[in-house]
Amino acid sequence: MVHGGGLILITIDGFFLSRIPLRAKQFIFFELLSCLYILWSVLHAFSGIGNPYVDIGDQTDDAVYNTLAWRNKPVGALILAAGVFFVANPLIYLFCWTVSWLLPRRCYEANKTEESFGNNFEDDEAANEAVVVY
Numbered sequence: 080m081v082h083g084g085g086l087i088l089i090t091i092d093g094f095f096l097s098r099i100p101l102r103a104k105q106f107i108f109f110e111l112l113s114c115l116y117i118l119w120s121v122l123h124a125f126s127g128i129g130n131p132y133v134d135i136g137d138q139t140d141d142a143v144y145n146t147l148a149w150r151n152k153p154v155g156a157l158i159l160a161a162g163v164f165f166v167a168n169p170l171i172y173l174f175c176w177t178v179s180w181l182l183p184r185r186c187y188e189a190n191k192t193e194e195s196f197g198n199n200f201e202d203d204e205a206a207n208e209a210v211v212v213y
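Numbering-wise (this note's numbering), the sequence shown opens with residue 80 and increments by one.
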């Protein structure tokens, strides 16, 4: 429940409270972060940093997660990393992007909302600025 609770809170905050919009071009940063984590897991496995929780459970490797045991099971770790990078990440991002696209936006153009806020813009530049609606 350690990761699941955080996922639920971040989802509620990102989609419903803050309504943070996702763009397709941000997928590159999502994949870059995944690459960095995979690289870190490989470096961690072979650098001898160690895992203080290796004696708890069935881990026989110093890997952060038993499924990413690059020393003991490199083929399984590579298959998992490739599956996450090429299959799971695009599907998760597509789902999050779709939800972000379907929910109403919080930013509207000023000329569409000036009647609802009672704003009287005197010049044309102020009328074209975006207003953040909370």
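By construction, the Cβ of each residue, glycine as well, lies at the ideal position given by its N, Cα and C atoms. Please read all numbers here as calculations on a predicted model, not as lab measurements.
Exercise for review: Have a look at D92 and R98 and give me their C-alpha separation to the nearest angstrom.
Suggested key: 7 angstroms
Check your understanding: Is it true that the CB of A160 sits closer than 7 angstroms to the CB of I128?
Key -> no
Review point. Leaving out the 5 sequence neighbours to the left and right, which residues in its chain are closer than 6 angstroms to D140 when beta-carbon positions are compared?
Key: A148, R150 and N151
Check your understanding: Are the CB atoms of L101 and S179 nearer to each other than 7 angstroms?
Key -> It is a contact, given that the beta carbons lie within the stated cut-off.
**Study point:** S120, DSSP secondary structure in three states
**Key:** Helix.
Point to revise | Euclidean distance between Cα positions of I158 and L88 | key: 30 angstroms
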